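Engineer: Position in the sequence shown (from 1) plus 740 gives the number in our numbering.
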Amino acid sequence: MAEFNLKKKVTLRKKQEQVNFTFDDMLKIKLFWGGIHAILRHLRFSPLFKKKDGSVGGVFSSDYRDKKSDLGSLDQFPYILHLGDDAEEPVDYSEDTEQINVTSLEDIDEAYVCFIHYATINELDATYTEANARIEVQSDSGDYLEVLADSPDSGPVYYVCSIKNSGGIYTLKNASQVMNPGTCL
Numbered sequence: 741m742a743e744f745n746l747k748k749k750v751t752l753r754k755k756q757e758q759v760n761f762t763f764d765d766m767l768k769i770k771l772f773w774g775g776i777h778a779i780l781r782h783l784r785f786s787p788l789f790k791k792k793d794g795s796v797g798g799v800f801s802s803d804y805r806d807k808k809s810d811l812g813s814l815d816q817f818p819y820i821l822h823l824g825d826d827a828e829e830p831v832d833y834s835e836d837t838e839q840i841n842v843t844s845l846e847d848i849d850e851a852y853v854c855f856i857h858y859a860t861i862n863e864l865d866a867t868y869t870e871a872n873a874r875i876e877v878q879s880d881s882g883d884y885l886e887v888l889a890d891s892p893d894s895g896p897v898y899y900v901c902s903i904k905n906s907g908g909i910y911t912l913k914n915a916s917q918v919m920n921p922g923t924c925l
């Protein structure tokens, strides 16, 4: 897949901060975490969405049920594909990453970029600050956006940001909200 010619990165640092962007054929959304100071490496990327008709769904990592269909598809709805999370843990303390690709958000009213922190599900006292995580959004029109996932709160689900579809104009919004799985949508 070709690399995008990206503009200067825009970082949304504060909750509720937002920026508009566009894309034509491809949007890459990446979760980065880790590094030498990160003690937690058990994050899993799980984008959720609400369709224009109000129904909800999601795309899940291969760790969820180990079913290929959970990863989504670029050729049919939801036009979102999780590239999987079978990569080995880096030995040099570099960052771990997971990526989803999106070819259309036409039928989606809002997408919710979330990840699950497995260490907190097991009741370990770990915060998202310790995970050293961030979301990067790159569009084929050159937009290069970042949302830091650095909440001092602990909990199993981090709702990092949302992408609102307003007739082909997309708005990335920093949500920065830690929640329980039952309250995600």
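Note that the Cβ used here is the ideal one computed from N, Cα and C, for glycine as well.
These numbers were taken from a predicted model, which means no experiment stands behind them.
#1: Take residue 787 as the anchor and find which of 752, 800, 912 has the nearest alpha-carbon.
#2: Based on the DSSP secondary-structure assignment, which residues constitute the bridge partners of residue 885?
#3: Can you give me the Cβ contacts of residue 910 inside the same chain, cut-off strictly under 6 Å, excluding the 5 residues immediately before and after it?
#4: In chain order, what residues of the same chain have a beta carbon less than 7 Å from the beta carbon of residue 743, not counting five sequence neighbours either side?
#5: Among 905, 890, 882, whose alpha-carbon lies nearest the alpha-carbon of residue 752?
#6: Pop quiz: residue 921 and residue 896 are said to be a contact at Cβ under 8 Å. What is the actual Cβ separation, rounded to whole angstroms?
#7: Starting from residue 898 and walking both ways along the beta strand (DSSP E), at which residues does that stretch end?
#8: Quick check on residue 810: does DSSP put it in helix, strand or coil?
#9: Report the option in 789, 913, 868, 841 whose CA atom is closest to the CA atom of residue 880.
#10: Buried or exposed for residue 878, please, with buried defined as at least 16 other CB atoms from any protein chain shown within 10 angstroms of its CB.
#11: Tell me whether residue 794 is buried or exposed, calling it buried when 16 or more other Cβ atoms sit within 10 Å of its Cβ.
#12: So what's residue 837 in DSSP terms, helix, strand or just coil?
Structural biologist: In brief:
#1: As a working mapping, residue 787 is identified with position 47 in the sequence shown. If we check each option's Cα against that of residue 787, 800 comes out closest.
#2: Here residue 885 corresponds to residue number 145 of the sequence shown, with the count starting at 1. For residue 885, DSSP records a beta bridge to 750, 877.
#3: As a working mapping, residue 910 is identified with position 170 in the sequence shown. Apart from the 5 residues on each side of it in sequence, residue 910 sits with its Cβ closer than 6 Å to the Cβ of 761, 903 in its chain, given in chain order.
#4: For the purposes of this step, residue 743 is taken as residue 3 along the sequence shown, with counting starting at 1. Here the set comprises nothing.
#5: Start at 1 with the first residue of the sequence shown, and residue 752 comes out as number 12. The shortest Cα separation from residue 752 among 905, 890, 882 belongs to 890.
#6: Here residue 921 is taken as the residue at index 181 of the sequence shown, counted from 1. Here residue 896 is taken as the residue at index 156 of the sequence shown, counted from 1. About 6 Å separates the two Cβ atoms, so the contact holds.
#7: The count along the sequence shown starts at 1 and reaches residue 898 at position 158. Membership of residue 898 in the beta strand (DSSP E) is indicated by the continuous run 897-906.
#8: Counting from 1 along the sequence shown, the entry for residue 810 is found at position 70. Residue 810 sits in a helix when the DSSP states are folded into three classes.
#9: The residue labelled residue 880 in the question sits at position 140 within the sequence shown. Out of 789, 913, 868, 841, 841 has the C-alpha closest to the C-alpha of residue 880.
#10: For the purposes of this step, residue 878 is taken as residue 138 along the sequence shown, with counting starting at 1. Residue burial annotation: residue 878 is buried, with at least 16 other C-beta atoms found within 10 angstroms of its C-beta.
#11: Reading the sequence shown from its first residue, position 54 is the one you call residue 794. That one is exposed.
#12: Working through the sequence shown from its first residue, we reach residue 837 at position 97. Reduced to three states, the DSSP call for residue 837 is strand.
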